[in-house]
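Read in order, the letters of the sequence shown are residues -23 to -1, 1 to 492 in mature numbering (1 follows the signal peptide of the UniProt record, and there is no 0).
Glycine is no exception: its CB is placed at the ideal position from the N, C-alpha and C atoms.
Bear in mind the structure is a predicted one, so any value in this text is a computation, not a measurement.
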Amino acid sequence: MPATKMVGLVELLIAAAVSTATAQKEAPQAVLPALLPDFCCAALSRALPWSRLLFPHHTAFETRHSSYFNVNQQTINPSCIVQPRDHGEVALAVAALTSTSKFKPCKFAIRSGGHGTYAGASNIDAGVVLDLKNLNTVKYDARNNLVDVGPGATWNDVYTTLEPLGIMIAGGRSSLVGVGGLTLGGGISYFSPEHGFVCDNVVEFSLVLASGRFAFASKTSNPDLFMALKGGGNNFGVVISFAFRAFKYSGMWGGLVVYPETTMHDQFKALVNFANKIEKNPKGAAIVMSVYQSTVGVPLVSNAYDYAEPVSRPAAYDEFFAIPGVIADTTGIRNMSSIAQEWEGVTTHSVFFGTLTFANDLRVMKQAHEIFKDVLSHLKTKATGDWGIYTIYQPIPPAYWKDSEARGGNVLGFERFNNQALCLYLPYISWQGAEQDALFQASGAELIKRIRKYAESIGADNPFLYLNYADKTQDPLATYGAANVERIRAVAKKYDPHEFLQNLVPGGFKIANVS
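If you want it as structure tokens, here you go:
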């Protein structure tokens, strides 16, 4: 029988066997591993209960596969998804995948919330997705004032659990983003002006190393690993829980305010002044966005204002309030969970994220908006269907890293910039239709390239690239500074001497790829 027909027959046998096993709610361990055409999925089926594995063409697999934030991630097809249900099963899964390397490399992706923005960030073709969905606990330890959070939890899980308890942690601004990826990439929060980067609010990491062994990292236990995990991504192991410091919470004020595009320069002036005064207003956060949606047809400004106390229209925003022409306003006394839900993204569009950092400089912001209008004009003549573009400006003031060293440090490298307030820039572009991928990705890259060139021309550039916003063509780890690059490299080698995570987990940004 020709090989191609044999593969098809095996697939039919597997589908029939899995369907029968599902109907009977049994685990056919003795039969199916021998039939599995994928060596790595077969290895997992021997290490874990059969019910932990999901295979293509079955409902549970397709449902999970279609839940990735970026449609381009959904076009990648893993051989199977494994969903461990506790820490021990994560260790068994990791050991099964890495121990087979002497026979055949088992490549795998690590998925937390699935919000990675480029194809392959947390998915993989013809490999295994290690899906941490079931590690989603959120538990408050009142005695130690810590919150233990699993990497598979979303920030909505965190906020809706903690709000009734009157406590909070510094976390993400979108409800559907996963805790794991955001924290390991550094993490920016509405609570950052007072409490710092999300990663600097972790007191202890629990993780499974590539060998399958457990490890713990804190300021006093494996402090080198503790520091490297804070911004170093998935270079060291699979984090299975985060212990966050908690603080009291009684609600917030915030929401989105929409203005005409003609107010853009006034918005930038207000944002620059707001960032320069953040130490006087540590409860306040603000983001300015230029917005265009094809379904609306006109450019607008949409700002996010968020104040970490239930104070209506705080004085910190007076300069923004003075800008006339408000079109819509959702601000009010609200909960963090409600505010985070305004930032939920759909899972029906392809997405481009890229990133850039520059000085908190009005000249750069104004020129960036002119470049945006130029790129938008071009897109209007080429793009079809439902598409949109947000260009997001958010302050990164020194308050975000002032307590980092005292908490064990991180590897982001902001200390190099002393007390300089910075601006983080993100073009967030969404569209439908794979035939338009090249158009929109090139447009996003053009925005970053042209703005960087201008910032450099006036000495207002900054090297830092935020890992959680970076496109796959960018190299965020390399922008942390030479000392931190070598620190990450040394820690990765120490805790993963065989470089399994560098070679078997292509998703994420790998220290082995930094020259």
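- Ranked by how close their Cα comes to the Cα of residue 427, the residues 472, 214, 351, 469 have 351 in first place.
- Cβ-Cβ distances below 7 Å link residue 468 to 201, 202, 205, 213 in the same chain, with the five nearest sequence neighbours on each side left out; the list follows chain order.
- The way I'd put it, the segment 309 to 318 doesn't touch the segment 264 to 275; fewer than three beta-carbon pairs between them come closer than 8 Å.
- Excluding five sequence positions before and after residue 154, the CB atoms of its chain that fall closer than 7 Å to its own CB belong to 90, 92, 131, 132, given in chain order.
- DSSP places residue 27 in the helix class (H, G or I) of the three-state scheme.
- Looking at the DSSP output, residue 336 sits in a beta bridge with 399.
- The C-alpha of residue 135 is placed about 26 Å away from the C-alpha of residue 197.
- Look at residue 308 here: in three-state DSSP terms it is coil, with no helix or strand label.
- One Cα belongs to residue 123, the other to residue 448, and the distance between them is close to 33 Å.
- Leaving aside the five residues that flank residue 101 on each side, the residues in its chain whose CB is nearer than 8 Å to its CB run, in chain order, 53, 55, 84, 85, 86, 483, 484.
- Ranked by Cα distance from residue 297, the options 245, 473, 335 are led by 245.
- By the Cβ rule, the segment 379 to 395 counts as touching the segment 163 to 176, because three or more pairs are nearer than 8 Å.
- Closest in C-alpha terms to residue 443, from the list 473, 403, 414, 410, comes 403.
- Residue 43 sits exposed, since fewer than 16 C-beta atoms from the chains shown fall within 10 Å of its C-beta.
- In this structure, the alpha-carbon of residue 464 lies about 10 Å from that of residue 457.
- The three-state reading of DSSP puts residue 225 in strand, counting E and B together.
- Taking C-beta atoms under 8 Å as the contact rule, residue 88 and residue 115 fail to qualify, at a distance of about 18 Å.
- Secondary-structure assignment with DSSP links residue 176 through no beta bridge to anything.
- For residue 88, the secondary structure class from DSSP, reduced to helix, strand or coil, is strand.
- By the beta-carbon neighbour count (other beta carbons within 10 angstroms, threshold 16), residue 344 is buried.
- Between the segment 375 to 383 and the segment 428 to 438, the count of C-beta pairs closer than 8 Å stays below three; the two stretches do not touch.
- By the Cβ-count criterion, residue 75 is buried, with 16 or more other Cβ atoms from all chains shown falling within 10 Å of its own Cβ.
- Here the alpha carbon of residue 73 sits roughly 41 Å from the alpha carbon of residue 316.
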